[in-house]
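Remarks on the structure that follows.
In the working numbering, the protein residues as written are 71 to 412.
This is the structure we're talking about:
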């Protein structure tokens, strides 16, 4: 009789590019989309209905303090307005109005609020693959502090300041990563957007000069502990895959079919880079029919049969996605042959 694998073990098989008993999945939802599902299932505990194979640990961007009906301040002191975007928000004001760190004090990377709920989550979801998440981990953190236009100017006019700022952010991330690695986790996920709908935000030359050396240090900390490196970058960034795998990246998210040929890339990078995402959130999920959702989900499952893939929409599902489409996605994942019988 074949051994029944836990969701954690299924993910490990997939990330080792061995043929898993079925394609694992992990879905993300914005506040508005999640509330649709909660109303449908009559509970705020969606875990039994989703069956996600990953459990996300930590506190992502570090939102802990609400300062008004729509205002939230992150641990770096950046104020965000959620009157439109209910999950992250838009930056309000500038923490670093001048190109200097003089007078600015970085937050404590070991703040217990990032780690306090990890034991409880591991106890509840111990059968899942464990991922500690650091959001806005480098370039994004820099522009939220300095302002996007200011940072773009700094790359040219104040490069030494940018090097200093990015080194300080990387040091913060590394300290937090080392603390997270004291828990029984499987991977560290670094969120940082570098792409737009076509091409990179700052171009590969600047990315290699400013971003790459810090990523190498950050990812190296995880690899030295024998764990997996997950990264997130929206946009058309596949030109960086060779650079990223060279410094230890194992899994790429969100893997957008609107800007990449996702199934071709899965074939090209099989054995070297795994993917998490791939189901269209710009077209199929919000605007497609239930049949469209089922068809695309089945295509992605078929493409991931030989490992190297975690099924998911290419980003957190938004509130404009019909409930029926979300339910179709979940059902296709959960009805795969072998689920629960591996």
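Backbone N, C-alpha and C fix where the C-beta goes; we use that ideal spot for every residue, glycine too.
Distance between beta carbons of residue j and residue i, contact taken as under 8 Å
i	j	result
residue 415	residue 238	Missing from the structure shown is residue 415; the chain here goes from 71 to 412 and no further.
residue 19	residue 284	Past the edges of the chain, shown from 71 to 412, lies residue 19, and the structure says nothing about it.
residue 165	residue 146	7 Å
residue 77	residue 123	4 Å
residue 299	residue 264	Wrong, their Cβ atoms sit about 15 Å apart, outside the cutoff.
residue 87	residue 377	4 Å
residue 192	residue 262	Going by Cβ atoms, the distance from residue 192 to residue 262 rounds to 26 Å, so no, they are not a contact pair.
residue 291	residue 248	6 Å
residue 282	residue 313	6 Å
residue 373	residue 336	5 Å
residue 388	residue 100	5 Å
residue 368	residue 398	Actually they do not touch by this definition, with Cβ atoms about 10 Å apart.
Residue i classed as buried or exposed, judged by whether at least 16 other C-beta atoms fall within 10 angstroms
i	result
residue 393	exposed
residue 357	exposed
residue 214	buried
residue 75	buried
residue 278	exposed
residue 297	buried
residue 71	A caution first: residue 71 carries a pLDDT of 40, below 50, which makes its placement in the model unreliable, though a value can still be read off. Classification for residue 71: exposed.
residue 326	buried
residue 332	buried
residue 118	exposed
residue 410	exposed
residue 153	exposed
residue 221	buried
residue 218	exposed
residue 210	buried
residue 402	buried
residue 334	exposed
residue 246	buried
Close beta carbons around residue i, own chain, < 6 Å, minus the five adjacent residues each side
i	result
residue 251	295
residue 195	125
residue 81	94, 123 and 199
residue 257	201, 297, 298 and 300
residue 13	Since the first residue of the chain shown is 71 and the last is 412, residue 13 is not available in this structure.
residue 272	none
residue 134	183
residue 188	127 and 253
residue 121	404
Same chain only: Cβ atoms within 7 Å of residue i, ignoring 5 sequence neighbours per side
i	result
residue 14	This structure gives no information on residue 14, because the portion of the chain shown stretches from 71 to 412.
residue 151	140, 141, 159, 160 and 162
residue 366	349, 350 and 354
residue 129	183 and 184
Residue i Cβ short of 8 Å to the ligand SAM heavy atom set
i	result
residue 356	The ligand SAM is absent from the structure shown, which contains no ligands of any kind.
Same chain, Cβ closer than 8 Å to residue i, five either side skipped, listed in chain order
i	result
residue 243	179, 204, 207, 208, 260 and 288
residue 431	Only positions 71 to 412 of the chain appear in the structure, and residue 431 is not among them; the question remains open.
residue 197	76, 77 and 78
residue 406	92, 93 and 371
residue 328	267, 350, 352, 353 and 384
residue 109	none
residue 341	87 and 378
Short CB-CB distance (under 9 Å) between residue i and chain D
i	result
residue 409	No chain D appears in this structure, which consists of one protein chain only.
- Message: Below 8 Å, how does it come out for the segment 86 to 94 and the segment 103 to 111: are there three or more Cβ pairs, yes or no?
- Response: Contact between the segment 86 to 94 and the segment 103 to 111 is absent, with fewer than three C-beta pairs closer than 8 Å.
- Cβ pair count under 8 Å reaching 3, the segment 307 to 321 against the segment 355 to 374: No: the two stretches stay apart, fewer than three of their Cβ pairs being nearer than 8 Å.
- Query: Is there contact here, the segment 336 to 349 with the segment 375 to 389, by at least three beta-carbon pairs under 8 Å?
  - Reply: They touch, by the three-pair rule.
- Task: With a floor of 4 residues, list each alpha helix (DSSP H) that falls wholly inside the segment 187 to 213, ordered by position along the chain.
- Result: Scanning the segment 187 to 213 from its first residue to its last, the whole alpha helix (DSSP H) runs of 4-plus residues come out as 188 to 194.
- Which whole runs of the alpha helix (DSSP H) in the segment 103 to 181 are 4 residues long or more, in chain order? Fully enclosed alpha helix (DSSP H) runs of 4 or longer: 117 to 120.
- Message: Quick check on the DSSP output: what are the complete beta strand (DSSP E) runs of length 3 or more inside the segment 315 to 349, in order along the chain?
- Response: Complete beta strand (DSSP E) runs here, min 3: 321 to 323 and 344 to 349.
- Task: Report the residue ranges of all beta strand (DSSP E) runs contained in full by the segment 239 to 271; include only those spanning at least 3 residues, in chain order.
- Result: Those beta strand (DSSP E) runs which fall completely within the segment 239 to 271 and span 3+ residues are 257 to 261.
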